[in-house]
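Position one of the sequence shown corresponds to residue 8 (this note's numbering), numbered consecutively onward.
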Amino acid sequence: MAEVNVDSKMNQQWKADNLCRRYGRKLVLQDVSFTLGRGEVLGLFGPNGSGKSTLMEIIALAARPTTGRITFNGCDVLAHVRDFRPMIGYVPQDIALFEELTVMDNLLCWTRLPRDLARQRISEIISALSLDIFVN
Numbered sequence: 008m009a010e011v012n013v014d015s016k017m018n019q020q021w022k023a024d025n026l027c028r029r030y031g032r033k034l035v036l037q038d039v040s041f042t043l044g045r046g047e048v049l050g051l052f053g054p055n056g057s058g059k060s061t062l063m064e065i066i067a068l069a070a071r072p073t074t075g076r077i078t079f080n081g082c083d084v085l086a087h088v089r090d091f092r093p094m095i096g097y098v099p100q101d102i103a104l105f106e107e108l109t110v111m112d113n114l115l116c117w118t119r120l121p122r123d124l125a126r127q128r129i130s131e132i133i134s135a136l137s138l139d140i141f142v143n
């Protein structure tokens with residue numbers, strides 16, 4: 008497990024260095040670098056096919072760059088994906104839901120928690136948000 012200091016009082020920093028992504032011979036992301044401090048926001052603008060979604064997938068650890076590095080407070084994020092994934096929230100551009108499944112079953116498809124614990128936590132959150140009528 009990575010030793011990562013996530014103390015909320017600390018000046019936290021996410022850094023991307025020279026991220027590139029290829030799909031076969033096609034280069035879709037080339038040498039993207041940025042630094043984000045605590046509370047800062049990054050906006051991505053560009054035409055279709057310019058790599059915005061690919062960059063977001065890489066930042067969210069849903070995809071890996073072909074080359075480049077991502078660090079958090081100096082720790083190599085890509086070398087410790089399992090440790091960092093719980094720290095990241097990501098809503099993809101295209102929602103992948105299965106119409107034939109209930110809301111509960113769709114949510115269970117995406118969790119990384121053990122099934123019984125996931126069902127319990129999902130139920131707690133649904134109740135807290137008064138969404139019980141939409142579950143099945």
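In this text, a Cβ means the ideal position worked out from N, Cα and C, and glycines have one as well. Owing to the predicted nature of the structure, the values given are computational and were not obtained by experimental measurement.
Item to complete: Answer with yes or no whether the minimum CB distance from L85 to chain C is below 8 Å.
Response: You won't find chain C in this structure, because it holds only one protein chain.
Worksheet entry | Beta-carbon proximity of F91 to L120, cut-off 8 Å | no
Worksheet entry | Spatial neighbours of I95 in its chain, beta-carbon cut-off 7 Å, leaving aside the 5 residues before and after | A67, L68
Worksheet item: How far does the beta strand (DSSP E) with I66 in it reach, from first residue to last?
Response: Run containing I66: none in the beta strand (DSSP E); it sits in the alpha helix (DSSP H), 59-66.
Fill in: Close Cβ partners of K22 (< 6 Å) along its chain, the five nearest in sequence each way excluded
Apart from sequence neighbours up to five positions away, the residues of its chain that approach K22 with a beta-carbon distance below 6 Å are T42, T78, ordered along the chain.
Worksheet entry | Cβ-based neighbour list, T61, same chain, cut-off 8 Å, excluding 5 preceding and 5 following | R28, V35, L36, A70
Worksheet item: Are the beta-carbon atoms belonging to L26 and G56 less than 8 Å from one another?
Response: no
Worksheet entry | Any beta strand (DSSP E) of 3 or more consecutive residues that is wholly inside the stretch 44-103 | 74-79
Worksheet item: If we count the other Cβ atoms within 10 Å of its Cβ and call it buried at 16 or more, is I140 buried or exposed?
Response: exposed
Discussion item. Going by C-alpha to C-alpha distance, which of G46, G81, M111, K59 sits closest to P99?
Written reply: K59
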